[in-house]
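Numbering (the working numbering), first residue to last: 794 to 985. Written out below as structure tokens is the structure these notes cover.
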Amino acid sequence: MAQALAGLILAGGLGERYGGPKAFARLPDGATFLERCAATLVAAGAAPVIATVPPGTAVTAPTGVDLVPLPAAGLDMLASIRVGLGRLLDDSGWLAVAILPVDHPLVAAASVRALAAFTAPCTVPVYRGKRGHPVCLARSVAMAILREELPGPTLRDALRAAGRHDVAVDDPGVVANCNTPERLQQALAIHG
């Protein structure tokens with residue numbers, strides 16, 4: 794049975810390798826990476842959904858998403874996650890959170906739902922033997938990450954300590970890291 798799900802989009806990077814913040818990079822249909830990630834999480838049933846964004850960013854939030862400016866530029870992924878979780882944990886209505894980096898805009902909503910269907914402490918999608926994104930954390934794990942009770946310094950370390958559960962999905966989008974324009978083109982050639 795699927796859990797009540799929240800969504801966290803990590804969109805606070807400056808996107809040096811992309812040529813600007815990846816949150817505002819566009820897919821061929823004109824949607825921004827941020828808009829597509831938001832639509833995916835909302836379609837998967839996530840609520841609330843928030844997105845961390847670079848400090849000082851003036852942007853309109855996609856439908857169903859609250860924006861949380863990061864306190865400083867250059868935060869690492871785990872620090873950005875903690876900022877987002879700090880906001881999300883104010884809402885008591887969710888039991889799990891899907892954390893989706895904005896440079897994974899090709900993930901299918903069905904993959905997010907598959908991750909949320911498990912009651913493991915944390916779930917990670919696997920496509921053809923390769924782990925990807927988003928990850929889905931139980932509320933208790935999210936609280937432990939926020940409180941720095943799990944080992945770091947990376948999310949991978951925290952997931953390993955929390956008891957990661959791999960979930961096989963038939964979705965190349967989970968491993969399509971579109972962190973440069975070239976990687977986006979490669980992913981689109983595979984993903985269609």
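Glycine residues also receive a C-beta, built at the ideal position from the N, C-alpha and C atoms.
- Comparing C-alpha distances from Leu807 to each of Ala799, Ala865 and Leu820 shows the shortest one belongs to Ala865.
- Our two residues, Leu943 and Arg949, have alpha carbons roughly 11 angstroms apart in a direct line.
- For the options Val934, Ala889, Ala902 and Ala955, the alpha carbon positioned closest to that of Ala831 is the one of Ala902.
- Val895 is positioned such that its CB atom lies no closer than 9 angstroms to that of Gly925.
- Excluding sequence positions up to five before and after Lys815, its CB lies within less than 6 angstroms of the CB of Gly808, Phe826, Val895 and Asp896, all in the same chain and listed in chain order.
- According to DSSP, His958 shares a beta bridge with Thr916.
- Short of 6 angstroms from the beta carbon of Ala931, and not among the five residues preceding or following it, lie these beta carbons of its own chain, in chain order: Ala889 and Pro914.
- Within the same chain, Cβ atoms closer than 6 angstroms to the Cβ of Ala935 are found at Leu878 and Val890, the five residues on either side in sequence being excluded.
- Ranked by Cα distance from Ala937, the options Thr856, Leu882 and Val917 are led by Leu882.
- In the displayed model, Ala969 falls within coil according to three-state DSSP, outside both helix and strand.
- Secondary structure within the region 929-953: the alpha helix (DSSP H) runs of 4 or more consecutive residues, fully enclosed, are 932-939 (chain order).
- Listed in chain order, the non-local C-beta contacts of Leu977 below 6 angstroms within the same chain comprise Cys971, local neighbours out to five positions each way being set aside.
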